[in-house]
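Colleague: In this note's numbering, the protein residues as written are 65 to 190.
Every residue gets a Cβ at the ideal spot worked out from N, C-alpha and C, and that includes glycine.
In this text, all values refer to a predicted model and were calculated from it rather than measured experimentally.
Attaching a single structure in structure tokens format; questions to follow.
Here it is as structure tokens:
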């Protein structure tokens with residue numbers, strides 16, 4: 065058995081993704097998968113929107129930084145990588161609209177957190 069110690073960033077990221085998935089589920093999203101990998105890149109959460117008409121690719125950013133700084137981490141390179149994974153996952157499926165959301169989870173020192181959901185945060189062409 066191999067044990068891997070998580071870095072603080074890994075732990076923060078996983079915790080943020082769990083919080084985001086739970087938050088989305090409670091708002092009617094159907095979570096299809098998490099941590100969908102294609103090569104070196106991944107989609108944090110793959111879900112179906114509450115109205116059931118769109119596949120939603122969700123990028124989660126979490127940490128102690130403010131929302132603006134967290135959102136800034138989803139830069140053009142990151143958006144292109146996410147879109148590339150989504151295109152691979154959806155290969156040949158042009159019948160399903162796809163939407164790219166960002167969820168920001170800001171941790172506070174006392175264990176509490178705040179969340180901001182940015183629906184349709186970017187397009188696959190960004």
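1) Using the Cα positions of residue 177 and residue 130, report the straight-line distance between them to the nearest angstrom.
2) Whose C-beta lies closer than 8 Å to the C-beta of residue 12 among residues of the same chain, with five residues either side of it excluded?
3) What are the start and end residues of the alpha helix (DSSP H) that includes residue 142?
4) Measure the C-alpha to C-alpha separation of residue 120 and residue 163 and round it to an integer number of angstroms.
5) Roughly how many angstroms lie between the CA atoms of residue 92 and residue 80, to the nearest whole one?
6) Does the contact criterion of 3 or more C-beta pairs under 8 Å hold for the stretch 132-141 versus the stretch 96-103?
7) So, at 6 Å on beta carbons, what are the nonlocal neighbours of residue 105 in its own chain, with the 5 sequence-adjacent residues on each side left out?
8) Take the Cβ of residue 172 as the centre, count every other Cβ of all protein chains shown within 10 Å, and call the residue buried at 16 or more, exposed below.
9) What is the rounded straight-line gap between the Cα of residue 182 and the Cα of residue 110?
10) Tell me, to the nearest whole angstrom, how far the beta carbon of residue 169 is from that of residue 124; I am working on the premise that it is less than 8 Å.
11) Taking the continuous alpha helix (DSSP H) assigned at residue 136, which residues delimit it?
12) Which residues in the same chain have their Cβ closer than 6 Å to the Cβ of residue 113, if we skip the five residues on either side of it in sequence?
Modeller: According to the data block:
1) Using only the alpha carbons, I get a separation of about 11 Å.
2) Past the edges of the chain, shown from 65 to 190, lies residue 12, and the structure says nothing about it.
3) 140-153
4) 5 Å
5) 19 Å
6) no
7) Exclusion of the five residues before and after residue 105 leaves 145, 149 as the residues of its chain whose Cβ lies within less than 6 Å of its Cβ.
8) exposed
9) Between residue 182 and residue 110, the C-alpha separation is close to 15 Å.
10) 7 Å
11) Counting along the chain, the alpha helix (DSSP H) containing residue 136 begins and ends at 131-136.
12) 120
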